[in-house]
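**Q** Below is one structure. I have some questions about it.
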Amino acid sequence: MTAIAVALFGSRARGDHKPESDTDILLVVTEGTARVTTSGTVSLSIYPIDDLATRAQRGDLFTGHLVIDAQPLYDPTGFIPQLRGLWKPKDDYSLEIRRASDLATFLMLHQNILAAPAFSSRRIAWCVKTILIAHSVAAGRPAYSDHDLASLAGDVNLLRLLELKTQPDTTTERMRQLGDFLTRWGIVGFSANDSSVSAFVSHFVATGNEIALKTLAAKHEYSDDDYGG
Numbered sequence: 047m048t049a050i051a052v053a054l055f056g057s058r059a060r061g062d063h064k065p066e067s068d069t070d071i072l073l074v075v076t077e078g079t080a081r082v083t084t085s086g087t088v089s090l091s092i093y094p095i096d097d098l099a100t101r102a103q104r105g106d107l108f109t110g111h112l113v114i115d116a117q118p119l120y121d122p123t124g125f126i127p128q129l130r131g132l133w134k135p136k137d138d139y140s141l142e143i144r145r146a147s148d149l150a151t152f153l154m155l156h157q158n159i160l161a162a163p164a165f166s167s168r169r170i171a172w173c174v175k176t177i178l179i180a181h182s183v184a185a186g187r188p189a190y191s192d193h194d195l196a197s198l199a200g201d202v203n204l205l206r207l208l209e210l211k212t213q214p215d216t217t218t219e220r221m222r223q224l225g226d227f228l229t230r231w232g233i234v235g236f237s238a239n240d241s242s243v244s245a246f247v248s249h250f251v252a253t254g255n256e257i258a259l260k261t262l263a264a265k266h267e268y269s270d271d272d273y274g275g
């Protein structure tokens, strides 16, 4: 496994970071499996070059994030500019919205299923951000920063949900806000007839919701295809 490129992305690349924001690093390698490792507020996303290229051509939201704000730290072959040329948005992001909506609904109904409340809040923030990013890309106005997403949605109060990543809050008020958000922006594909954990798990398996299944398997701090702090 050889390094092809290293880049900074997320809020620290855009310059709109806060003191508590993550430092998000992308490592592009010749081969291997995509994975994300974290240590404190430092997140390292490792992706094989072919995987990223394929994701870009499919309009993957995470790759679109890299296309917009990744700042190369080491890129002797010019891969990051090449990636920007490869990225093509999809016509329909309803699948991404539905999967994020289903996970958010599950976490709203089963707040104590994860060992750490902070992890649950972080996952909820990821779901909200994924839904808003998908809408922004579908509208032809890709946005990834919290403020840009809230602005495009026309609701500055959405920042409270997006900030759950670093400011855990599972109070009734915040969960009510999440429910209102999902009603307006989400696509909930789960039937309310049975909201048990086992029913949700079966639904996640049936719909190929890998991020939801990985979240349940981890039950502690976990990051995957994150959009940067």
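Heads up: the sequence shown begins at 47 in the working numbering, then just goes up one per residue. Every residue gets a Cβ at the ideal spot worked out from N, C-alpha and C, and that includes glycine.
1) With a cut-off of 8 Å, do at least 3 Cβ pairs link the segment 116-130 to the segment 140-157?
2) How big is the Cα-Cα spacing for C222 and D121?
3) Tell me whether the beta-carbon of A185 lies closer than 7 Å to the beta-carbon of Y139.
4) Roughly how many angstroms separate the alpha carbons of Q157 and F108, rounded to a whole number?
5) Any contact of the segment 201-215 with the segment 239-253, i.e. 3+ C-beta pairs under 8 Å?
6) State the CB to CB distance for the pair V183 and P135, rounded to an integer number of angstroms; the pair is presumed to be in contact (CB under 8 Å).
7) According to DSSP, is L73 part of a helix, a strand, or is it coil?
8) Report buried or exposed for N239, applying the criterion of at least 16 other Cβ atoms within 10 angstroms of its Cβ.
9) In the DSSP assignment, the alpha helix (DSSP H) including T257 goes from what residue to what residue?
10) Within 10 angstroms of its Cβ, does S191 collect 16 or more other Cβ (buried), or is it exposed?
11) Do I159 and G232 have their C-beta atoms closer together than 7 Å?
12) Which residue comes first and which comes last in the beta strand (DSSP E) that contains A146?
13) Considering only C-alpha positions, which residue in the set L198, R60, T151, T48 is nearest to G225?
14) Please list the terminal residues of the continuous beta strand (DSSP E) segment that includes S91.
15) Under a three-way DSSP split, which group does A171 fall into?
16) What's the C-alpha gap between K211 and A116?
17) Can you tell me the Cα-Cα spacing of F55 and G235, whole angstroms?
18) Count the other CB atoms within 10 Å of the CB of G110; is the residue buried (16 or more) or exposed (fewer)?
19) Label K64 either buried or exposed according to how many other C-beta atoms from any shown protein chain fall within 10 Å of its C-beta, with 16 as the threshold for buried.
20) Could you tell me the boundaries of the beta strand (DSSP E) in which R206 lies?
21) Just verifying my parser: in three-state terms, what is the DSSP assignment at R81?
22) The beta strand (DSSP E) spanning A199 covers which residue range?
23) To which residues of the same chain is L259 closer than 8 Å at the C-beta, ignoring the five residues directly before and after it?
**A** Let me lay it out:
1) no
2) What sits at residue 222 in the sequence shown is Arg, not Cys. Between R222 and D121, the C-alpha separation is close to 45 Å.
3) no
4) 26 Å
5) no
6) 5 Å
7) If DSSP states are grouped into helix, strand and coil, L73 belongs with the strands.
8) With fewer than 16 other beta carbons inside 10 angstroms of its own, N239 counts as exposed.
9) A small fix is needed here, since residue 257 is Ile in this sequence, not Thr. Run containing I257: 256-264, per the alpha helix (DSSP H) assignment.
10) buried
11) no
12) No beta strand (DSSP E) holds A146; the alpha helix (DSSP H) holding it covers 140-155.
13) T151
14) 88-94
15) Taken through DSSP and simplified to helix, strand or coil, A171 comes out as helix.
16) Roughly 21 Å separates the two Cα atoms.
17) 32 Å
18) buried
19) Sixteen is the threshold: since fewer than 16 other Cβ atoms of the shown chains lie within 10 Å of the Cβ of K64, the residue is exposed.
20) Careful: R206 lies outside any beta strand (DSSP E), inside the alpha helix (DSSP H) at 205-208.
21) strand
22) Not the beta strand (DSSP E): A199 falls in the alpha helix (DSSP H), residues 192-199.
23) V247, F250, V251
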